[in-house]
């Protein structure tokens, strides 16, 4: 605990130091290097806390007469690990990447504060500290989003982001207000002890879902995410997508599983529904994006959906007292959180590298980078394969566990769950397939083919440190995929208290096979699959080269006989997405295409116009906005009345109150 | 231990050896039904040998990925095929992956193929890749759905246990299983790029999907890809066999004679399926690309329907 | 404390309310100013009477103030303003004299109704004094709200404030009454001077709503 | 002459008299600042040495909070005002004659407010509040522009009516007290009133409270009595806006609280809580909506003051130890933060040469100190950690939600509305493309950021750690308030 505390303090100091150091070149090294160390410390502490008794600490700050309660138990430990890993990676990458920031003064002070805020959320053990850290996290990340504040898009992004963040904060505030009760038991221990009435618990659950969902990016509260995450500097985007959303997930788990006690089945249905919708919605948006970082942000929404589906499964099993299932689902959820942190951080670092190398995030201006950025390309390939849930990488391992959880118990008593589980299975399958399509597109357009702009053609590989960071994360993705059993075992003590059970011990299995429930139901061994693929590929290659010819000639591309040297004849991102747009987009987003083909002899260029609307925005946010605008317009008259009218108000008020008095007596 | 290893090895070699033959048989059937003599069933082998002998002509801006992809595709498909109990259950390595893993492996192969298609940066490569992922984005969920179906019935995703369960327990005729079978057939057609989804024989630019992606390939690379395609076909055929017609599968540790019998039965199944496929391909025309989603969507719906039925029918 | 003195006090207070109604009834500024003077006169009388019966000599100051300042000086000053600024003489009212009269009645009823449950006073008469004072205040406010001319609004404020002074003096033995009345006189002086300085002709505001939008819309 | 109370009152009075005579503005500003610092020191002295409660003056835990706050904000404001008026003089918006008047009035206003705070006699309190009002009226009109004159006039008229109503209420309180306490001075001494309030005539107290609520509520700026507030803030000199928001509203609120305590003692009287809660909620939501159409930056923050006064009144309406504590905390934090914001806004308006939000942009680029100061101030005022307002709003919302969920939801909606509006304008002003002048500003401007950052630092510290003695003190006051 003291270790964590020192790390937090160090981050605070760094945040203060960031202001004066921003001018010097060394500032980058100090701040990011320091954050790197602090994150490693947090990582270490989190690992240590996984199977240690909870430690608590009360500081005489924060809310008077309660003080700031901190607690480091297994759950906090697990998420502290996430923060440590993600933060360390981002900091390492930033040491190199930070060189290209044009306004370090707008980033350096807030970056450590952001990290500290996230760590503090995970450690908080009373409502005040929790919300304090929660809002601090939002505020710091908002400042980072506003780092490049010139474009209007950023202003809008920052606005929507902070408003939604505050909305989530207020929702949680109300939730805690309910749980704390009239005499203000703000400490989590008191909330655990107090067993609220069912309707209070239900209301608190709903508020918690709204509050944490708005921060995690759960549909329909996700609108801010595709705006804010891309706007920030890439290493910050990595943190926001990879880590902050997980902190929101932590908040949900903490409130629902820990403070509220055992969840109810209808709550599970709600979570499953939202999760499934979120997963598919997010990936569908991602497929159609044209901005690389926006695409990644949308896929974050998808992964959050997947995580919430897993959590929903855990709630469903817990509500029916099926310990094994709950343990399986909860483990899967946490595992997927970890995996998403890994590959999303990696991919955002890649996007940062691409941005530095070419100066653009627009798919239509990229291409052929595999020749210019070989190392980045390799890392990116691993990341894309991982997020597309391909064996033997980590993304597949966790999604496989989730599928196993879906298949585990078809005989749940409640009808809502009976219908929800298979539907969610289908939605997950759809999301997985679409994610693969999405990242084929992303990788293929960005790294393969021929460059679509001079910038892309003249790109240069990024600096050594950034490359190192990306390679480390690629390696982590591979490792987590090859040895999932170890992760599962490590997560067991986290899951134990909330699921009422744990997954079977994986360490004992030969070849570290992953066994969700028992060997007869289905097993998966990432290591062996990986080895087999490698071995057979190498073997075949060797055999082919020995038996068949090994000669190789270079020649112009064949392309069915009429190759065209111009790069814009190749498939563009939009044209790649077109079939998917037509198939899914027409339904989900009213996607439309209008082709304007000039008549023969007419010399003007043919034009294709695409349009897609976001139903969530149109149905939910636009009306609220217009309502507020209308009302404030209508009320604005009150600014311009004559004094006589204002006196009229006073007079009327007086009369009303006097009348009220007479009526009362 | 040793015999088990031998069986596993035999299976891997067998699928490898028989895959081209199956393709050849299908072609032969189609030729016959068209009143043609057609090439010999061994033609695919000859093609492969010729391809292996030829030089590779590589497009100028092809990257390393373009050269690695064929082996990766082949390896993934092969491993997947090795996991399917073709003639014997309880293979020694069957526990390394279940049905979901097999689906994912095929997905991986497709991932690599689509990327390879985009690598050279021609219009056709991109076209093929984008259509491929569009088809896959519906075919894979459909596949998973029917996997769920079978898995719930058998209480396991492990192919060996499923087959064993189907053999031993009186499953009876279940609606959801029938639905799953239909779905599997549709998926198989789509995955292997057969009519009506795609035509392996065509080189008409606007209709091709798979061929468009491999347009730039030549020599040994092309051979690898062709072989992988053949393996895939065999895999699906054996999958249908072991999931829905599991009779005659040998258990782990029976005597060699039992194994031989099982192999024979398996060959019979393959022949029947090949004949069916050939007739199917001749009896219908290829559909427009944008009608394929409805076709596959139907499969997806069938699978989902089956799973729903199972969920609802269980435990009440 | 014999009844007569109270009856007189009561009579004076009542007549103050009557004069308030008289002011509500006026349609011409000059007449209104005369009514105002009368109002102040009655106030002065009642204050003096209070000073007499409470034998509180300092109240005579207030009475004198009312007499000299409000009954004479202010009406005269307002008259000057009316002539100087050439303000036209009839009073624009919101919704007719009759209506405001009715509203005034209602207000009197209300104030009596409000004061009814009050039991703090030694005798009901004093309570009704307060009730009357309250009604004078309310009528004054009503006048400010329903009259459009600046001057007539000032007059409304004056009558309102007379009502308050009435209540203050009626409250036996209340300290600081003189100071308060002086402070109020200062306030009124400010207002009158303000009207004169700012050339506030028709409306209490410098301009009407539309013009407001015009030159402040930008800064809203 | 060692009695701090006397000093608190005398220093401003004498300073006022002196400043009328001082011709040169530098000297005047210096004297002004010195006097304010002296007053502040004296108010600190009140903490250690309390005078005996007399018939006219009273110093107890409650009003010491206000007096000290008053002294501090006045002192910092006088520092800010020194640089501010320097600039105004330089660009010729004000003349030396104006400034003489201005400084004198400043001190007179402080005298009025302090007197209102330490008065033990409700009549005296009333006179003091009127004095403070009149002086501020004169200062609001200082610029002599049509807008300024109109604002002053509006303020003056509405204020006068408010004063009149308050006086009527005061008289009624006296009438209610007289039978119990007896005629004469005692019936207006607050301490005596409090002692006997339980056997006052309840109906009369109710009527009195209605008048007092409207009277002093006008000064507090509660909707729908708020009309004067935005214009007065927008058109007057910025130091006055700071003082208005930071102090005068508090003084009026303080008067209201005193009478609320009287009612709270009396079992038969109506509970003032619900009334205050209703008005507070109305103010919060109304201000939240009005904020969206503001184009003048000072008027914007004036409306935010209305919103915060609403929150504070809401909190005091909730009463109870938590509610009152939250109210006090919110009030203190609001005074500090809002005045800091006005300090920043004042300089912004000077360097950019305009108050129109549309013509100001990219402040963090051109004037980093000012810009980030403004960002921090707004972050604080909308109740984001690590600033003190967050703690207060946390307490208000949670305690309200436990008592009346619906009201709390209403409050939250209002908060969110106001948050959105302020954030929208902040992004417009502090970020985005640079609009408006990029002049580095005048010499004294650099030093002039001191008050702003001093306030922000205090608010920051309070948000992280409240000193235990302060907490204990506030809790005691919360007890006093019931």
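Chains as they are written, first to last, in my numbering: chain A, 1409 to 2073; chain B, 99 to 414; chain C, 7 to 226; chain D, 12 to 493.
The beta-carbon is built from N, C-alpha and C at its ideal position, and this holds for glycine as well.
All of these numbers come straight from a predicted model, not from anything done at the bench.
State the beta-bridge partners of residue i as determined by DSSP.
i                       : result
residue 1349 of chain A : Since the first residue of chain A shown is 1409 and the last is 2073, residue 1349 of chain A is not available in this structure.
residue 2051 of chain A : Residue 2051 of chain A is not bridged to any residue.
Considering Cα atoms alone, identify which of the options is closest to residue i.
i                       : options                        : result
residue 2027 of chain A : A:1930, A:1614, A:1627         : A:1627
residue 292 of chain D  : D:408, D:14, D:128, D:94       : D:408
residue 1843 of chain A : A:1709, A:1521, A:1434         : A:1709
residue 347 of chain B  : B:130, B:362, B:250, B:166     : B:362
residue 1629 of chain A : A:1871, A:1970, A:1689         : A:1689
residue 1573 of chain A : A:1556, A:1609, A:1624, A:1588 : A:1624
residue 46 of chain D   : D:61, D:144, D:34, D:28        : D:28
residue 1877 of chain A : A:1496, A:1805, A:1804         : A:1496
residue 53 of chain C   : C:102, C:28, C:176             : C:176
residue 2081 of chain A : A:1432, A:1501, A:1898         : Chain A is shown from 1409 up to 2073; residue 2081 of chain A falls before or after that span and cannot be answered.
residue 1744 of chain A : A:1847, A:1809, A:1943         : A:1809
Can you give me the C-alpha to C-alpha distance between residue i and residue j, rounded to a whole angstrom?
i                       : j                       : result
residue 1956 of chain A : residue 151 of chain B  : 5 angstroms
residue 398 of chain B  : residue 278 of chain B  : 10 angstroms
residue 1984 of chain A : residue 1790 of chain A : 21 angstroms
residue 24 of chain D   : residue 196 of chain C  : 22 angstroms
residue 211 of chain B  : residue 2016 of chain A : 29 angstroms
residue 2085 of chain A : residue 125 of chain B  : This structure does not reach residue 2085 of chain A, given that chain A is present from 1409 up to 2073, and the question cannot be answered.
residue 23 of chain C   : residue 39 of chain C   : 16 angstroms
residue 481 of chain D  : residue 1469 of chain A : 13 angstroms
residue 1671 of chain A : residue 1730 of chain A : 13 angstroms
residue 111 of chain B  : residue 284 of chain B  : 28 angstroms
residue 28 of chain C   : residue 49 of chain C   : 15 angstroms
residue 1428 of chain A : residue 1438 of chain A : 12 angstroms
residue 1538 of chain A : residue 1551 of chain A : 20 angstroms
residue 1833 of chain A : residue 1544 of chain A : 37 angstroms
Could you check how far apart the C-beta atoms of residue i and residue j are, in whole angstroms? I think they sit under 8 angstroms.
i                       : j                       : result
residue 71 of chain C   : residue 187 of chain C  : 6 angstroms
residue 1873 of chain A : residue 1504 of chain A : 3 angstroms
residue 1740 of chain A : residue 254 of chain B  : Contact flag wrong, Cβ pair sits at about 18 angstroms.
residue 1767 of chain A : residue 1900 of chain A : Not confirmed; about 47 angstroms, so no contact.
residue 1738 of chain A : residue 1903 of chain A : 5 angstroms
residue 1634 of chain A : residue 1702 of chain A : 5 angstroms
Can you find a heavy atom of the ligand FMN that lies under 8 angstroms from the Cβ of residue i?
i                      : result
residue 370 of chain B : With respect to the ligand FMN, the structure offers nothing, as it holds no ligand at all.
Contact residues within the stretch 1684-1695 of chain A, judged by C-beta distance below 8 angstroms to chain D = For chain D, none of the residues of the stretch 1684-1695 of chain A brings a beta carbon within less than 8 angstroms of one of its beta carbons.
Cβ-based contacts, 9 angstroms cut-off: residues of the stretch 2052-2064 of chain A near chain C = 2052, 2053, 2055, 2056, 2058, 2059, 2060, 2062, 2063
Anything in the stretch 1728-1741 of chain A with a Cβ closer than 8 angstroms to a Cβ of chain B? List those residues in chain order, please.
-> none
Report the residues of the stretch 141-173 of chain C with a CB closer than 9 angstroms to any CB of chain D, ordered along the chain.
-> 143, 146, 147, 150, 159, 163, 166, 167, 169, 170, 173
Listed from N- to C-terminal order along the chain, which residues in the stretch 206-218 of chain D have their beta-carbon within a distance smaller than 7 angstroms of any beta-carbon of chain A?
-> 214, 217, 218
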